[in-house]
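What follows is a short report on a single structure.
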């Protein structure tokens, strides 16, 4: 469903996953997200020793800024140039521009290319047609030995039955991502964590599909 309540066709829903849709979404003046860090990032990363981090699908940079404030050197990655421009501006306003950099890349074609990070994280990135399984493998390749991978997304639930079939197929359970991980990872968390969120002014119950894993040294 669109922001104006229009029920999307499957063709419109598929287009919503592509860069032009997000460029348009980030082209206005109003912020799209709260700017607060995602709760599962806070839950899992608060006790980690700061190092280098990569946040894929960083949007307006809320998670990047939270990590940078805690001493991480963070790369925010997104396929939207407008989103990255907003994130860079927010990092400047937060006083952490010197601890952040930005990378325009589509997660579906992401390749580590020799880069590695102590923490690779992605929140609510939902490639269509169960595409997050492959993306999880791509992200895992960027985790340094001894580093951590955190992937969080919307788990299917009755809360989302109003959405298009295309959107519902993009959701996942944490355990469904496991086949995408290469060898050498110890899985620490695979669960659906309940929380409440406000959508269109209404408080609803959702489950965060949460995968947290550590790459062996």
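In my numbering, the protein residues as written are 922 to 1138.
Beta carbons: idealized from backbone N, C-alpha and C, even for Gly.
{"Asked": "For residue 925, name the three-state secondary structure that DSSP assigns.", "Found": "Its pLDDT being 43, under 50, residue 925 is placed unreliably by the model, and nothing is read from it."}
{"Asked": "Whose C-beta lies closer than 7 Å to the C-beta of residue 1017 among residues of the same chain, with five residues either side of it excluded?", "Found": "986, 989 and 990"}
{"Asked": "Using the C-alpha atoms, what's the distance from residue 1063 back to residue 1074?", "Found": "19 Å"}
{"Asked": "Residue 967 by DSSP, collapsed to three states: which one?", "Found": "coil"}
{"Asked": "Please determine if the stretch 1037-1053 and the stretch 1004-1024 are in contact, where contact requires at least 3 C-beta pairs separated by less than 8 Å.", "Found": "no"}
{"Asked": "Pull up the distance between the alpha-carbon of residue 962 and that of residue 1131, whole angstroms please.", "Found": "10 Å"}
{"Asked": "The alpha helix (DSSP H) spanning residue 933 covers which residue range?", "Found": "931-936"}
{"Asked": "Out of 1055, 1077 and 1138, which one is the CA nearest neighbour of residue 1105?", "Found": "1138"}
{"Asked": "Using the Cα positions of residue 1071 and residue 1082, report the straight-line distance between them to the nearest angstrom.", "Found": "26 Å"}
{"Asked": "Evaluate the contact criterion for the stretch 993-1004 versus the stretch 1022-1033: three or more CB pairs, one atom per stretch, below 8 Å.", "Found": "yes"}
{"Asked": "Comparing alpha-carbon positions, which option in 1107, 1103, 1121 and 1094 lies nearest residue 1129?", "Found": "1094"}
{"Asked": "Which value, in whole angstroms, describes the spacing of the CA atoms of residue 1111 and residue 1099?", "Found": "9 Å"}
{"Asked": "Please return the same chain residues whose Cβ sits closer than 8 Å to the Cβ of residue 1002, not counting the five positions on each side in sequence.", "Found": "944 and 1025"}
{"Asked": "Decide if residue 983 is buried, meaning its Cβ has at least 16 other Cβ atoms within 10 Å, or exposed.", "Found": "buried"}
{"Asked": "Is it true that the CB of residue 1058 sits closer than 8 Å to the CB of residue 1109?", "Found": "no"}
{"Asked": "List in chain order: all unbroken alpha helix (DSSP H) runs of 4+ residues lying wholly within the stretch 993-1061.", "Found": "1002-1015 and 1053-1061"}
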